[in-house]
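Novice: Here it is: the structure, laid out below.
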Amino acid sequence: MNIMELALINTLRRLNRVIALAVGLGLLGMAAFVVADIALRQVHASFGGSEELAGYAMALASSWGMSYALLELGHIRIDLIRSRTGSMARALFDVFSMIVMSGVVVTIAIKCWPVVARAVENGSRANTPLATPLAWVQVPWFAGWVWFAVVSCLVTLAALGLLVRGRAAETEPFVGAFAEQDSLT
640 MNIMELALIN TLRRLNRVIA LAVGLGLLGM AAFVVADIAL RQVHASFGGS EELAGYAMAL
700 ASSWGMSYAL LELGHIRIDL IRSRTGSMAR ALFDVFSMIV MSGVVVTIAI KCWPVVARAV
760 ENGSRANTPL ATPLAWVQVP WFAGWVWFAV VSCLVTLAAL GLLVRGRAAE TEPFVGAFAE
820 QDSLT
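In the working numbering, the protein residues as written are 640 to 824.
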């Protein structure tokens, strides 16, 4: 693999692992909060709003976790045809799927922006007892989608670069499927 592609993928992996750790710690904190709220309900008390905050935590974890799953080859794939082809055909399938995914993710990020902008402009708040300012949740949620779009596009460009230089087999470690999966079919 070219030093540039390798450095890019390794840097993205390191960044995404830090992000995944932070998101995981946030989810653990939210789980502790929910458990404490449930325990308090047994004595007829409650923090209140734990369901709302847990929903926000899940939205943030989803948007930020997608780029980690991408680089760790954690997204669901259906490799019925791909697994029965040679390395060039597999690379073409992989790059095509990355182009499509990048297009979808960029579209999602673009479509998220008006929602965030409206919430910021209007000072929108959740229609709940907590009346959470929606921008507090939607801005980091949007940033997660933008990060996923950036990572997806960079990975796609790296894979395309290798494919154009005739190094199709080298795309598999970061846009393909695990070798163990291919040997199972």
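Glycine included, C-beta positions come from ideal geometry on N, C-alpha and C.
#1: Along the alpha helix (DSSP H) that carries D733, what are the first and last residues, could you check?
#2: Measuring only the C-alpha atoms, how far is A646 from A758?
#3: Residues in its own chain within less than 7 Å of C751 by CB, not counting five upstream and five downstream?
#4: What does the alpha-carbon distance come out to for the pair T810 and I648?
#5: Given a threshold of 16 other Cβ atoms within 10 Å of its Cβ, counted over all protein chains shown, does G805 qualify as buried or as exposed?
#6: Can you tell me whether DSSP reads P772 as helix, strand or coil?
#7: Do you know how far the Cα of A770 is from the Cα of F813?
#8: Comparing C-alpha positions only, which one of S689, H683, A661 sits nearest to V674?
#9: How would you label S702, buried or exposed, when you count the other beta carbons within 10 angstroms and need 16 or more for buried?
#10: With burial defined as no fewer than 16 other Cβ atoms inside 10 Å of the residue's Cβ, what is the status of G704: buried or exposed?
#11: Is any heavy atom in the ligand PLP found nearer than 8 Å to the beta carbon of L731?
#12: Would you grab the beta carbon distance between A698 and M669 for me? Rounded to a whole angstrom, and I think it's under 8 Å.
#13: List the whole-angstrom C-beta distance separating L801 from E644, where the pair is believed to meet the contact cut-off of C-beta under 8 Å.
#14: Skipping 5 residues on each side, what residues in its chain have a beta carbon closer than 6 Å to that of W786?
#15: According to DSSP, simplified to helix, strand and coil, what is R656?
#16: Would A798 pass as a contact of D718 if the rule is Cβ separation under 9 Å?
#17: Taking its Cβ as the centre, do 16 or more other Cβ atoms sit within 10 Å of L710, making it buried, or is it exposed?
#18: Along the chain, where does the alpha helix (DSSP H) that runs through G704 open and close?
Specialist: For this structure:
#1: 726-761
#2: 38 Å
#3: F781, W784
#4: 11 Å
#5: exposed
#6: strand
#7: 42 Å
#8: S689
#9: buried
#10: buried
#11: Judged by which ligands are present, the structure shown has none, so any question about the ligand PLP falls away.
#12: Actually they are not in contact, since the Cβ atoms of A698 and M669 sit about 12 Å apart, beyond 8 Å.
#13: 6 Å
#14: S706
#15: helix
#16: no
#17: buried
#18: 689-710
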